[in-house]
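Numbering (our numbering), first residue to last: 4 to 445. The beta carbon of each residue, even a glycine, is placed where N, CA and C say it ideally should be. Values in this document were obtained by computation on a predicted structure and should not be read as measured data.
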């Protein structure tokens, strides 16, 4: 980091009357963590980093090798708008390094950066634009509930949409933090909302996803509500997804667009789709990382569960929206907002780049509603099913050498520990459904 850049940033921190810096990073599960330091430590933080103990962070390191350093990324500097007043607080997203200065292989941000550097060797920039859905639930005695705050429906407007004020405050806060908000609206389910922000390169976008969730939860809590990004909090209604629009750019141009190709989709685009579909089952492990994620990936609720693609069919896993030119993109529809965006984007990019490099042709696109097809019809069309639970998804990951190599052995080992613990806890728990079903009968 140059001395000039550090000096400029220190001047900006002083100009903004910042008194505390929050050095943010994420654990393996995508949970935001931070170390708060007084502004007097700003120069040290920006030049040599701030040390911390990584042994207690999910998916990081053992206690005997726990000394780690947070290195702020200067481009991520942002004031926290809900901490406004005479003195401000600012936030940096950080890279996690070992004590010797080398990048920590278990840092999700480093995993994505490594995948993007690999694509850059072929001249490509990976752009992503996620669509995050979430619920605004009531709080009771300081604890989250699943009680609806409003009874609005898809694209409904106030006064039915009682959470409109909270959604607006979230948008204003994100705008103050540098987001370019493109749209927001009420989603299909009661109390469900969506806010869309402009696409960017995948690293910047992943930073924004973490910031988005943190900001939404903070502002909702300030208004006495709970913003939940849980994939399927309530049975029988739509869950929350994080559809990821993605594209490759080369020499400043959209590499997915070819005006002379069928559907105006370039060979690069088609091969990228081919790679996504080949590795879709393994990607599911990081795109849908919780036990609950798989309650969403079922037929009938607009969430994909079949490995397929289409030019417009929303029952397919991969959809190509209609805009062309510089807006040509592929929509990967399975991820949910509980995912660690760094790991999900890294897996998607790695799969897509294999498709581009090996010229993997995708199967024929599916125009019919896949949910209405019989098992025999799907088998005849060669349409496979995504893993139905976390255990199956993790087995698919372990069987996929490419995605395992992209994540790295440290991350795969940590994901294995998490999956085994979660699955065993879930498998042996006695659920209310079982009591309702069997207690009176037997």
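If you draw a straight line from the Cα of residue 398 to the Cα of residue 192, it is about 32 angstroms long.
Following the DSSP letters along the chain, one finds residue 351 inside the alpha helix (DSSP H) bounded by residues 344-361. For residue 188, the enclosing beta strand (DSSP E) starts and ends at 184-189. Counting along the chain, the unbroken alpha helix (DSSP H) around residue 119 starts and ends at 111-123. Judged by their CB atoms, residue 71 and residue 97 are not nearer to each other than the 8 angstroms cut-off. When C-alpha distances from residue 227 are compared across 148, 301 and 351, the shortest belongs to 148. The Cβ neighbour count for residue 239, taken over all protein chains shown within 10 Å, is under 16; the residue is labelled exposed. Ranked by how close their Cα comes to the Cα of residue 57, the residues 8, 91 and 107 have 107 in first place. Separation of the CB atoms of residue 218 and residue 176 is rounded to 5 angstroms, and the pair is thereby assigned contact status at 8 angstroms. In terms of Cβ geometry, residue 235 and residue 299 form a close pair [threshold 8 angstroms].
Residue 21 is classed as buried because its beta carbon has at least 16 other beta carbons within 10 Å across all chains shown. Secondary structure note for residue 197: its beta strand (DSSP E) is the uninterrupted segment 195-200.
Between the stretch 337-351 and the stretch 266-285 there are three or more C-beta pairs closer than 8 angstroms, enough to call the two in contact. It is roughly 11 angstroms from the alpha-carbon of residue 184 to the alpha-carbon of residue 215. Taken in chain order, the whole beta strand (DSSP E) runs of length 3 or more contained in the stretch 268-347 are 333-335.
A Cβ-Cβ distance of about 7 angstroms is found for the pair residue 394 and residue 422, placing them in contact under the 8 angstroms criterion. Residue environment: residue 210 is assigned as buried (16 or more neighbouring CB atoms within 10 Å of its CB, all protein chains considered).
Distance from the CA atom of residue 391 to the CA atom of residue 305, rounded to whole angstroms, is 16 angstroms. Ranking 89, 202 and 125 by CA distance to the CA of residue 355 puts 125 first.
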